[in-house]
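To keep things clear, I will list the structure first and then write my remarks on it.
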Amino acid sequence: MNRSEINSLLATAPDSQTVLVKGWVRTFRAKRFIILNDGSSINNLQVVVDFDNFDENLLKQINTGACVAVTGTLEASQGSGQAVEVHATEIELLGASDPGVYKLQPKKHSMEFLREQAHFRMRTNTFSAVFRIRHAIAFAIHKYFNDRGYYYLHAPIITGSDAEGAGEMFRVTALEANKAPLNEDGSINWKEDFFGKQTNLTVSGQLQAEAGALSMGKVYTFGPTFRAENSNTARHLAEFWMIEPEVAFYEIQENMDLAEDFCKYLINYVLDNYPDDLALLDERIAKEERNMPADKRRPMGLIETLRFVVDNEFERITYTEAINILRNSKPYKKGRFEYPVEWGKDLQSEHERYLVEKKFKKPVIVRDYPKGFKAFYMRMNEDNETVAAMDVLFPGIGEVIGGSQREERLDQLLKRMKEMDVHEEELWWYLELRKFGSAPHAGFGLGFERMVLFITGMSNIRDVIPFPRTPKTAEF
Ligand code: 4AD
Ligand code: MG
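In the working numbering, the protein residues as written are 13 to 488.
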């Protein structure tokens, strides 16, 4: 007999037909009702057991976390809460679960505790909802670009360049730590290493995506990226996924339009296709906040927030305007910002959050940042002080997207690389893109987990990637 998935059974008209289901036991209530979930949706199936018909030893082993196969008849449910239920005629224990040892008992667990049980946390309602939505967003990303004629380009994971020039790279080497071949001056001879040069895990696929855009017009990458920055925050991972569209002939304005349209599409996709999972996450937050003081609660519920973002235009301001707004703000005047607000200094998360959450109360795109703290490849504006950069800032999250129009003029690019000490030899091929058929082009990078964080309303980025990598943790 073929196994039925629970989500399809729940939508089937009951007619005492015999069915086979397999899944993990959430609870076994009153030794009569097995609550079963197989991951096919947020919804559980109730299995009714008449204990006279089953071996007592078998029933004793139906504990939370156990895996069972149940054959039975599909019936209209007498109880409230579900339309159908299965009346068991046969139960096979596929995998037992010792209740004295299995840690995921049906009670409230902290997020921190569940992180230590990452191999099981997808069995909870919250995490299965989060990871179904993560899947949905990944799918919607490919659909969005495919429907619009973009090509998915796989950028390499091992590279020889530091695309962001920030030096926050994990080294890739096949040399043994204590036996590395040395040069005469005692430094490591990387020529002897696997690739014949120093290599690292990529921090961004952008430079390769630019080669794609200047050949195929419209491309995007979607892959893992790695940063060895020691930021132990709820917004940073050492291994995260990034989506980087790159488009020939786009300038900064079109780049901002694309970013806004793309973000709204992804949110709409989840609103339209995953209402049950969103409702569960919405309810979870409401419950969690019930006992909090009013000023600690979020201003809107999760679904309300998502709708608000798709229904309103993002605010667009320049960096210079942002600085003026911040310097005229109450927290600035009362000395409440920890970091200085000064033209030429990067915006800190407290500043971004003020703009988004207090001033405009919606997503904000900040453009035209000072060249001083932005990457070498961003296009110089006519003022020679700012570059055509744009960051998209979201409520509760801060930066979700960083992007720019790229410097397509060879002389300007060389000048910036010199000023910023970026080595020409390593990026010879990137420079050739400006020597042969250069064209205006632009793109951006969306932090995938930050978008998942926003859409699921979770509070910590470690809870929206199955197995997070952060400083001092690479378990699982
Ligand atoms: O702003 P970033 O550093 O931009 C780039 O890497 C460009 N090459 C993108 C481009 O123009 N093609 O990173 C892009 C986004 C950020 O806005 C943020 O959402 C996310 O990547 N991000 C991180 N997400 C999680 N953990 C980290 N450590 C992150 N660092 C950046
Ligand atoms: Mg950035």
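Don't be surprised by glycine CBs; every beta carbon is placed ideally from N, CA and C.
Rounded Cβ spacing between residue i and residue j (contact assumed at less than 8 Å)
i, j, result
"HIS453", "ALA225", "5 Å"
"LEU22", "GLY35", "With 8 Å as the limit, LEU22 and GLY35 do not qualify as a contact, their Cβ atoms being about 12 Å apart."
"GLN417", "GLU263", "5 Å"
"TYR286", "PHE234", "Not quite, the Cβ-Cβ distance comes to about 20 Å (not below 8 Å), so this is no contact."
"ILE149", "ILE467", "7 Å"
"ALA81", "GLU104", "4 Å"
"LEU445", "ALA223", "6 Å"
Boundaries (first-last residue) of the beta strand (DSSP E) holding residue i
i, result
"GLY414", "410-417"
"LYS430", "Here LYS430 belongs to no beta strand (DSSP E); instead the alpha helix (DSSP H) covers 422-431."
"LEU213", "211-213"
"ASP403", "398-406"
"THR24", "No beta strand (DSSP E) holds THR24; DSSP gives it neither H nor E."
"PHE234", "230-238"
Proximity test, residue i beta-carbon vs ligand 2 heavy atom, cut-off 7 Å
i, result
"ASP403", "yes"
"GLY208", "no"
"GLU489", "With the chain running from 13 to 488 in the structure shown, residue 489 is simply not present."
"GLY217", "no"
"GLY414", "yes"
Residue i Cβ short of 7 Å to ligand 1 heavy atom set
i, result
"GLY489", "As shown, the chain starts at 13 and ends at 488. That puts residue 489 outside it, with no answer to give."
"ARG462", "yes"
"SER243", "yes"
"ALA175", "yes"
"ARG481", "no"
"HIS248", "yes"
"ARG474", "no"
"MET470", "no"
"PHE182", "no"
"GLU437", "no"
"MET254", "yes"
"PHE466", "no"
"ARG146", "no"
"ARG239", "yes"
"PHE456", "yes"
"GLY235", "no"
"LEU459", "It should be noted that the sequence gives Gly, not Leu, for residue 459. Answer for GLY459: yes, Cβ within range of ligand 1."
Given residue i as reference, the closest of the options once Cα atoms are compared
i, options, result
"ILE169", "ASN242, LEU426, PHE238", "PHE238"
"TYR351", "GLU128, ASN190, GLU362, LEU86", "GLU362"
"GLY415", "LEU425, ARG421, MET402, PRO483", "MET402"
"MET268", "GLY469, ARG481, GLY457", "GLY457"
"PHE157", "ALA167, LEU338, VAL259", "VAL259"
"GLU97", "CYS79, ASP110, GLN58", "GLN58"
"ASP307", "TYR344, LYS370, ARG319", "LYS370"
"GLN265", "ALA400, GLU17, TYR381, GLY356", "ALA400"
"LEU116", "GLN73, HIS147, VAL37, GLN94", "VAL37"
"GLY455", "GLU419, MET429, GLU461, PHE143", "GLU419"
"ILE477", "ALA451, PHE143, THR30, ALA100", "PHE143"
"HIS470", "GLY313, LYS447, GLY179", "First, the amino acid is wrong: residue 470 is Met here, not His. Comparing Cα-Cα distances from MET470 to each of GLY313, LYS447, GLY179, the minimum goes to GLY313."
"THR24", "ASN69, PHE40, MET463, ALA88", "ALA88"
"LEU219", "ARG15, GLN29, ALA387, GLU431", "ALA387"
"PRO236", "PHE252, LYS345, LYS230, GLU325", "PHE252"
"ARG184", "GLN73, THR211, ASP197, ASN195", "One detail in the question is off: residue 184 reads as Val in this sequence, not Arg. Minimum Cα distance to VAL184 is reached at THR211."
"LYS155", "VAL31, LEU278, TRP355", "LEU278"
"ARG365", "HIS131, PHE261, LYS345, GLY408", "GLY408"
"GLY410", "GLU461, ASP288, GLU333", "GLU461"
"ASN75", "SER92, ASP64, SER109, ALA486", "SER109"
"PHE448", "ARG428, MET134, ASN242, LEU422", "LEU422"
"ARG310", "LYS373, ILE473, ASP284, LYS203", "LYS373"
Beta bridge counterpart(s) of residue i as assigned by DSSP
i, result
"ALA454", "VAL259, GLN417"
"CYS79", "TRP36, GLY107"
"ALA100", "GLY84"
"ASP197", "ASP197 is not bridged to any residue."
"ARG379", "THR330, MET402"
"MET134", "Answer is none; MET134 lacks a bridge partner."
"VAL60", "PHE45, HIS99"
"MET392", "VAL399"
"THR171", "ASN212"
"THR485", "THR482"
Span of the alpha helix (DSSP H), counted from its first residue to its last, around residue i
i, result
"ILE54", "Neither: ILE54 is in no alpha helix (DSSP H) and is coded neither H nor E."
"PHE151", "137-159"
"ASN267", "264-285"
"GLU461", "460-468"
"GLU436", "Taken as a continuous stretch (DSSP letters only), GLU436 belongs to no alpha helix (DSSP H), as it is neither H nor E."
"VAL322", "314-323"
"ARG15", "Premise fails: ARG15 is in no alpha helix (DSSP H) and is neither H nor E."
"LYS72", "68-72"
"MET123", "123-128"
"HIS166", "Element bounds for HIS166: n/a, residue is neither H nor E."
"HIS363", "361-365"
CB contact below 8 Å: residue i versus chain C
i, result
"MET13", "Within the model displayed, chain C is absent; a lone protein chain is all it includes."
Closer than 7 Å: residue i CB and nearest ligand 4 heavy atom
i, result
"GLU316", "Looking at this structure, you won't find ligand 4 anywhere; what it does contain is ligand 1 and ligand 2."
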